[in-house]
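Same order as they appear, the protein sequences are chains A and B. Going by full-length UniProt numbering, the final residue of the first sequence carries number 287, and the count climbs one at a time with no gaps. Going by full-length UniProt numbering, the final residue of the second sequence carries number 287, and the count climbs one at a time with no gaps.
2 protein chains.
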Amino acid sequence: MPEAASVPSPPRAAIGDSEFDRDTVVTRREPGVYDIDLSAGWTIINAVNGGYLLAVLGRALADTLPHPDPFTISAHYLTASQPGPAVVRTETVRTGRTLSTGQASLLQYDDEGNEVERIRVLASYGDLAALPDDVRTTAAPPAMPPMEQCFGPDDSPAPVPGSSAITDRLMLKLDPATLGWALGAPSGKGEMRAWFGLADGRDADPLSLLLAVDALPPTAFEIGLSGWVPTVELTVHVRHRPAPGPLRVSITTRNLAGGFLEEDAEVWDSADRLVAQSRQLARVRLG
Amino acid sequence: MPEAASVPSPPRAAIGDSEFDRDTVVTRREPGVYDIDLSAGWTIINAVNGGYLLAVLGRALADTLPHPDPFTISAHYLTASQPGPAVVRTETVRTGRTLSTGQASLLQYDDEGNEVERIRVLASYGDLAALPDDVRTTAAPPAMPPMEQCFGPDDSPAPVPGSSAITDRLMLKLDPATLGWALGAPSGKGEMRAWFGLADGRDADPLSLLLAVDALPPTAFEIGLSGWVPTVELTVHVRHRPAPGPLRVSITTRNLAGGFLEEDAEVWDSADRLVAQSRQLARVRLG
Chain A
1 MPEAASVPSP PRAAIGDSEF DRDTVVTRRE PGVYDIDLSA GWTIINAVNG GYLLAVLGRA
61 LADTLPHPDP FTISAHYLTA SQPGPAVVRT ETVRTGRTLS TGQASLLQYD DEGNEVERIR
121 VLASYGDLAA LPDDVRTTAA PPAMPPMEQC FGPDDSPAPV PGSSAITDRL MLKLDPATLG
181 WALGAPSGKG EMRAWFGLAD GRDADPLSLL LAVDALPPTA FEIGLSGWVP TVELTVHVRH
241 RPAPGPLRVS ITTRNLAGGF LEEDAEVWDS ADRLVAQSRQ LARVRLG
Chain B
1 MPEAASVPSP PRAAIGDSEF DRDTVVTRRE PGVYDIDLSA GWTIINAVNG GYLLAVLGRA
61 LADTLPHPDP FTISAHYLTA SQPGPAVVRT ETVRTGRTLS TGQASLLQYD DEGNEVERIR
121 VLASYGDLAA LPDDVRTTAA PPAMPPMEQC FGPDDSPAPV PGSSAITDRL MLKLDPATLG
181 WALGAPSGKG EMRAWFGLAD GRDADPLSLL LAVDALPPTA FEIGLSGWVP TVELTVHVRH
241 RPAPGPLRVS ITTRNLAGGF LEEDAEVWDS ADRLVAQSRQ LARVRLG
């Protein structure tokens, strides 16, 4: 049989022109009011991913505030979002020389067309490019095998049940040491680590870091719990513009108790910078 | 000389009747509006302590919301508070069966009597007493010497300059391993650990945990930096009602870069429970 002609890879998407950008773009209806059709492409087990939603809110706030980059953003998740029409309402809380603070709400519509609040956010924005270059980080990147020795959803023998369109949007390669759950043998340790990128090749930027901290499988899976682990609250610190290339995301849970757990995420870029840190509080169903 | 008659110790203050309670009480003026005179007793180097302010906001939200305890509370610090008159304005964002979410602002008055916002907060409240007893915490209490081998401000040969009335309100005994800064020999490690309580003996409760996470000297001192380290944002998770007796607070900084640092605090009670976790983003002056 003749060899199949090799198909050239599609060009890597660029920041500003990619799936992530198209699916997080908000249209300003009037000052402080932005419309969006939430994409069905970022769902995990039928729920719209919380990090994708945070990026949508982050984009609206970047338009509202005089500073471009989220430095610290705290989100309280109120009701479950659905793909479809939504509105983001923003408010400037305070503007300063190097930092500004804003508030934002993501709302959708009930059957009568009334607005129902999904998420409320407080965030302080600055300019990452204006920060001094001083780096005294004592944290170290996670010990992880090279990407070629890690595994993504397409390598998995047991697909996660339910619609998980987000896996088609991501380049996700999990550390085998945190993959036991997918093979019926969870480690019992609250850890999840992966190489992370966007499937269309778009490099990371401060807004996509908001997605990255919430885009891995739950640490609860490795602890041996199944089912949904909804986020109650998520705070992300964005500390540096990420370098081009894949990210490493390392998540740890140390305090599973009383039906709640925390997930601490660190995001490291290809230059070994700790570009983002986050902590979320999530609910678990025990037993 | 005759022996001095021993003076009996004053009775330990009770939760609800203590310096902390009196200085955080808010008076409801009307639904969602609370007045308070911010005490000068909780200042550190002339700044009103951020944890004390968070406890004030937390008390107002506990009155507004149908659930009694802060589960996760995120505060963005906008302008510096001063002792004196202030108002807290609260809003119910959503009420649910086990969790409710609220928003609150602390405001003071400028020379013309206009309100100036000091802090804005989002918080989700629940009922700690209603949580199941399941504890699978893998974190361990910090290794610290017993309290008798730790040191408080009165033991220090070099008092911290500036008015620090808060030190009279607290029982603070620092781990000698994190005290080098007070002797001109900072360790270079971003760590601060202390036994913590209230000077009048009041036991801890969920609201005083909001104070505890922000009441130690800055880790920046041990890194060798001096000067003010103002909090930009602080998120606290309260995970369990603390047992009576002293707390252990352990704070770590691992990402000092670009003029900012994070402080991660863990609060352990006398029953070795991890009762609170927090992370704040703070600004540093480098060099």
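Note that beta-carbon positions come from the ideal geometry of N, C-alpha and C, so glycine has one too.
Nearest to G188(A) by CA position, among L225(A), G201(A), R202(A), is which residue? Within the first sequence, the letter at position 188 stands for residue 188(A). Comparing Cα-Cα distances from G188(A) to each of L225(A), G201(A), R202(A), the minimum goes to L225(A).
What three-state label does DSSP hand D214(B) in the structure shown? As a first step, residue 214(B) is located in the second sequence; it is residue number 214 there, counting from the start. In the displayed model, D214(B) falls within coil according to three-state DSSP, outside both helix and strand.
Per the contact definition of three or more C-beta pairs closer than 8 Å, is the segment 48-61 of chain A in contact with the segment 214-222 of chain A? yes
For F71(A), return the contacting residues in chain B, with the cut-off set at a CB-CB distance below 9 Å. Residue 71(A) sits at position 71 when you count from the first residue of the first sequence. Residues of chain B passing the Cβ test: V232, E233, F260, L281.
State the start and end residues of the unbroken beta strand (DSSP E) segment that holds I223(A). Taking the first sequence and counting its residues from 1, the one referred to as residue 223(A) is at position 223. Segment 219-223 is the alpha helix (DSSP H) holding I223(A); no beta strand (DSSP E) there.
Please report the straight-line C-alpha distance between E19(A) and L210(A), rounded to a whole angstrom. Counting from 1 along the first sequence, the entry for residue 19(A) is found at position 19. Counting from 1 along the first sequence, the entry for residue 210(A) is found at position 210. So the two alpha carbons sit approximately 15 Å from each other.
Which residues of the segment 137-152 of chain A have a Cβ closer than 8 Å to any Cβ of chain B? Give them in chain order. T137, T138, A139
Decide if V116(B) is buried, meaning its Cβ has at least 16 other Cβ atoms within 10 Å, or exposed. As a position in the second sequence, residue 116(B) is number 116, starting the count at 1. Exposed.
Just to check my reading of the structure: A86(B) and L65(B) have Cβ atoms closer than 8 Å, yes? What is that Cβ distance to the nearest angstrom? Residue mapping note: residue 86(B) aligns to position 86 of the second sequence, counting from 1. Residue mapping note: residue 65(B) aligns to position 65 of the second sequence, counting from 1. Not really, about 20 Å apart at Cβ, beyond 8 Å.
Report yes if the CB atom of V238(A) is closer than 8 Å to the CB atom of R120(B), and no otherwise. Reading the first sequence from its first residue, position 238 is the one you call residue 238(A). Reading the second sequence from its first residue, position 120 is the one you call residue 120(B). Cβ distance not < 8 Å, so V238(A) and R120(B) don't count as in contact.
Can you have a look at A129(B) and say buried or exposed, based on whether 16 or more other CB atoms are within 10 angstroms of its CB? As a working note, residue 129(B) is residue 129 in the second sequence. Exposed.
Members of the segment 110-140 of chain B near chain A, C-beta cut-off 7 Å: So the list reads E117, R120, L122, S124, L131, P132, D134, V135, R136, T137, T138, A139, given in the order they occur along the chain.
Option in G259(B), L172(B), E263(B) with minimal Cα separation from P132(A): Locating residue 132(A) in the first sequence gives position 132, counting from the first residue. Comparing Cα-Cα distances from P132(A) to each of G259(B), L172(B), E263(B), the minimum goes to G259(B).
Applying a beta-carbon distance threshold of less than 8 Å, which residues of chain B neighbour G190(A)? Within the first sequence, residue 190(A) is the residue found at index 190, counting from 1. Going along chain B in sequence order, the residues near G190(A) (Cβ under 8 Å) are T138.
DSSP three-state label for A199(A), please. For the purposes of this step, residue 199(A) is identified with residue 199 of the first sequence, where counting begins at 1. In the structure shown, A199(A) sits in coil (DSSP, three-state: anything other than H, G, I, E or B).
Taking only beta-carbon positions, decide if residue 291(A) is within less than 8 Å of chain B. Outside the shown range of chain A (1 to 287) lies residue 291(A), about which nothing can therefore be said.
R239(A) at chain B interface by Cβ criterion, 8 Å: Residue numbering aside, residue 239(A) sits at position 239 when the first sequence is read from its first letter. Under the Cβ distance rule, R239(A) counts among the residues neighbouring chain B, one pair being separated by less than 8 Å.
Nearest residue (CA-CA) to K173(B), options L179(B), L99(B), G152(B): By one-based count along the second sequence, residue 173(B) stands at place 173. Just measuring C-alpha positions, the residue of L179(B), L99(B), G152(B) sitting nearest K173(B) is G152(B).
Residues of chain A with CB under 7 Å from N255(B), in chain order? The residue given as residue 255(B) occupies position 255 in the second sequence. In chain order: T137, A139, R239, L274, Q277.
Helix, strand or coil: how does DSSP classify R28(B) here? Taking the second sequence and counting its residues from 1, one reaches residue 28(B) at position 28. Looking at R28(B) - three-state DSSP - the assignment turns out to be strand.
Taking E222(B) as the reference, which of P146(B), T72(B), G190(B) has the closest Cα? Within the second sequence, numbered from 1, the residue matching residue 222(B) stands at position 222. It is G190(B).
On a CA-only basis, which of A271(B), S278(B), Q280(B) is nearest V135(B)? Give me that one, please. Position 135 of the second sequence, counted from the start, is the residue given in the question as residue 135(B). It is A271(B) whose Cα lies nearest to the Cα of V135(B).
Can you grab the Cα-Cα spacing for the pair L234(A) / R12(A), in whole Å? The residue given as residue 234(A) occupies position 234 in the first sequence. The residue given as residue 12(A) occupies position 12 in the first sequence. If I take the Cα positions, the gap works out to 30 Å.
Find the residues of chain A that neighbour R67(B), judging by a C-beta separation of less than 7 Å, and give them in chain order. Counting from 1 along the second sequence, the entry for residue 67(B) is found at position 67. First, the amino acid is wrong: residue 67(B) is His here, not Arg. Chain A residues near H67(B): none, gap ~13 Å exceeds 7 Å.
For S9(A), is the classification buried or exposed, using 16 other Cβ atoms within 10 angstroms of its Cβ as the cut-off for buried? Residue mapping note: residue 9(A) aligns to position 9 of the first sequence, counting from 1. S9(A) comes out exposed.
Return the CA-CA distance between M147(B) and W228(B), expressed in angstroms with no decimal places. For the purposes of this step, residue 147(B) is taken as residue 147 along the second sequence, with counting starting at 1. For the purposes of this step, residue 228(B) is taken as residue 228 along the second sequence, with counting starting at 1. If you take the alpha carbons of M147(B) and W228(B), they lie about 28 Å apart.
Among the residues of its own chain, which have a CB less than 7 Å from the CB of W195(A), if the five just before and after it don't count? What you label residue 195(A) is simply residue 195 of the first sequence in a count that begins at 1. Within the same chain, W195(A) has close Cβ partners M147, C150, K173, P246, R248.
Strictly by DSSP, which residues pair up with H76(A)? Looking up residue 76(A) in the first sequence gives position 76. Its beta-bridge partners are R120(A), E233(A).
Taking CB distances under 8 Å as the criterion, tell me whether T101(A) reaches chain B. In the first sequence, the residue the question calls residue 101(A) occupies position 101. Chain B contact via Cβ: present.
Per-residue DSSP class, three states only, for A86(A): In the first sequence, residue 86(A) corresponds to position 86, counting from 1. If DSSP states are grouped into helix, strand and coil, A86(A) belongs with the strands.
Within-8 Å CB hit, residue 288(A) to chain B: Any question about residue 288(A) goes unanswered here, given that chain A covers just 1 to 287.
For my contact list, A220(B) and V284(B) are in at a C-beta cut-off of 8 Å; report their separation, rounded to the angstrom. The residue labelled residue 220(B) in the question sits at position 220 within the second sequence. The residue labelled residue 284(B) in the question sits at position 284 within the second sequence. So it is a contact: roughly 6 Å between Cβ atoms.
Host beta strand (DSSP E) of G102(B) (start-end): The residue given as residue 102(B) occupies position 102 in the second sequence. Here the beta strand (DSSP E) through G102(B) covers 100-109.
What does L78(B) reach in chain A if we use C-beta pairs closer than 7 Å? Residue 78(B) sits at position 78 when you count from the first residue of the second sequence. Within 7 Å Cβ-Cβ: V93, R94, T101.
Length of the line joining the Cα atoms of R29(A) and G113(A): Taking the first residue of the first sequence as position 1, residue 29(A) is located at position 29. Taking the first residue of the first sequence as position 1, residue 113(A) is located at position 113. Answer to the nearest angstrom: the Cα atoms are 18 Å apart.
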